[in-house]
Amino acid sequence: MQKMYEYITTINPDIFLAVILTLLFSVEQIFFSANSFLKRSPHLIGNIFLQVGYFIMNFGLATFVIKALEWAGNEHIGLFNWISVPFYLQVIAGIVFIDLVNYWAHRLNHTWALLWRLQRLHHSDTTMDSSTTYRFHPLDAFLDNLAAIAAAFTFGLDGTVLVFWLIVYLPLLVLHHTDVIMPKWFDKTFGRVIVSPNSHKIHHHQQQVFTDSNYGLLFIFWDKLFNTYQELPVEEIKYGLEEFDIPERQTFWYLLKSPFINVKK
């Protein structure tokens, strides 16, 4: 157990994500989307540019996040700095707590109009594939890191727990956005606990009632507990947003400026 802990703490989350994203993207393009690769190449290139912008911003904020967590630990801020809990329980509880904070942060991104201007870029993609995973505005990196800091400060989590969370969550995050429909048995078994790819695809439906549902990132029970859970056959989903459902509004530069303009349907 100690050796596994020491190994996991040496993993760089950014490199880990890059490997997972590259692997699943390659599998997806070769086995599921090979026939449409050339047709979809402008979409893929635009998404890649957006992802690069997000990653650059996120990388730039990493030092600030690390310093913030170190300061919180030194000042004994948060639940696990006040009570004595074995580290493995901190990791398990920390993953649950981080997911809860992210559920509410994600929900706030949809319900607060100002934040939705940033979040809608991710939802504007009319073709769901692994390149959609980090199709975010670079400014979204600030919000994501604030959610991580909020969880860490509230529950007294150190950077190691965040690394554990990312290692568990990131492969599922990429899988959520792949152009792959999971078999029904997957939803009936694993989908009772985790957010299955089919469930997250519903969150990308163009109809608002579905867009504003299934906010959970890792665990599905938050949506069921807080009454935001929806079910729908994946075959009935139309991806994207109505106001972005024209080619001129799918270009890299338009998407980059979209949070600052009033995009009408």
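Heads up: the sequence shown at position 58 corresponds to 58 in the UniProt record's numbering, and the numbers run straight through without jumps. Beta carbons are placed, not taken as given, at the ideal position from N, Cα and C, and that holds for glycine.
Asked: Beta carbon of SER131, beta carbon of SER258: below 9 Å?; Found: no
Asked: Would the region 108 to 120 count as touching the region 184 to 202 if we require 3 or more Cβ pairs under 8 Å?; Found: no
Asked: Using alpha carbons as the reference points, say which of TYR254, THR228 and LYS265 lies closest to PHE49.; Found: TYR254
Asked: Bridge partners of TYR239, per DSSP?; Found: HIS205
Asked: Going by beta carbon distance, what residues of the same chain come within less than 6 Å of GLY156, once the five residues before and after it are set aside?; Found: GLY78, LEU79, PHE80 and ASN81
Asked: I need the boundaries of the alpha helix (DSSP H) containing ASN214, first residue and last residue.; Found: Taken as a continuous stretch (DSSP letters only), ASN214 belongs to no alpha helix (DSSP H), as it is neither H nor E.
Asked: From ALA34 to ILE83, what does the alpha carbon distance come to, in whole angstroms?; Found: Per-residue confidence for ALA34 stands at a pLDDT of 48, beneath the threshold of 50, marking its modelled position as unreliable; no derived number is given.
Asked: First and last residue of the alpha helix (DSSP H) that includes ARG120?; Found: 113 to 123
Asked: Identify, in the order they occur along the chain, each residue of the same chain with its Cβ nearer than 7 Å to the Cβ of LEU100, setting aside the five sequence neighbours on each side.; Found: TRP222
Asked: Just the Cα atoms here: how many angstroms apart are LEU175 and LEU146?; Found: 24 Å
Asked: Cα separation between ASP187 and SER213?; Found: 17 Å
Asked: Can you give the Cα-Cα distance for HIS204 and GLN230, rounded to whole angstroms?; Found: 12 Å
Asked: Looking only at its own chain, which residues have a Cβ that is under 8 Å from the Cβ of THR211, when we skip the five neighbours before and after it?; Found: HIS110, HIS123, HIS203, HIS204, HIS205 and LEU241
Asked: So, LEU89 versus TYR169, is the Cβ gap smaller than 9 Å?; Found: no
Asked: Around the C-beta of HIS177, are 16 or more other C-beta atoms found within 10 angstroms, so that it is buried, or is it exposed?; Found: buried
Asked: Output the distance between the C-alpha atoms of LYS264 and ILE246, rounded to the nearest integer angstrom.; Found: 12 Å
Asked: In terms of alpha-carbon separation, which member of ASP179, LEU23, ASN58 and ASN262 lies closest to THR126?; Found: ASP179
Asked: Please state whether the Cβ-Cβ distance between ILE167 and PHE25 is less than 9 Å.; Found: no
Asked: From the DSSP secondary-structure annotation, give me the bridge partner or partners of ILE194.; Found: PHE219
Asked: So the alpha helix (DSSP H) ARG159 belongs to, where does it begin and stop?; Found: One point to set straight first is that residue 159 is Gly, not Arg, in the sequence displayed. GLY159 -> alpha helix (DSSP H) spans 159 to 176.
Asked: My output table needs one value for ASN227: the three-state DSSP class, helix, strand or coil.; Found: coil
Asked: Is the CB-CB distance between VAL85 and VAL161 below 9 Å?; Found: no
Asked: So, helix, strand or coil for LEU143, using DSSP?; Found: helix
Asked: For LEU23 and ASP14, what's the separation of their Cα atoms in angstroms?; Found: 14 Å
Asked: At which residues does the alpha helix (DSSP H) containing THR189 begin and terminate?; Found: 184 to 189
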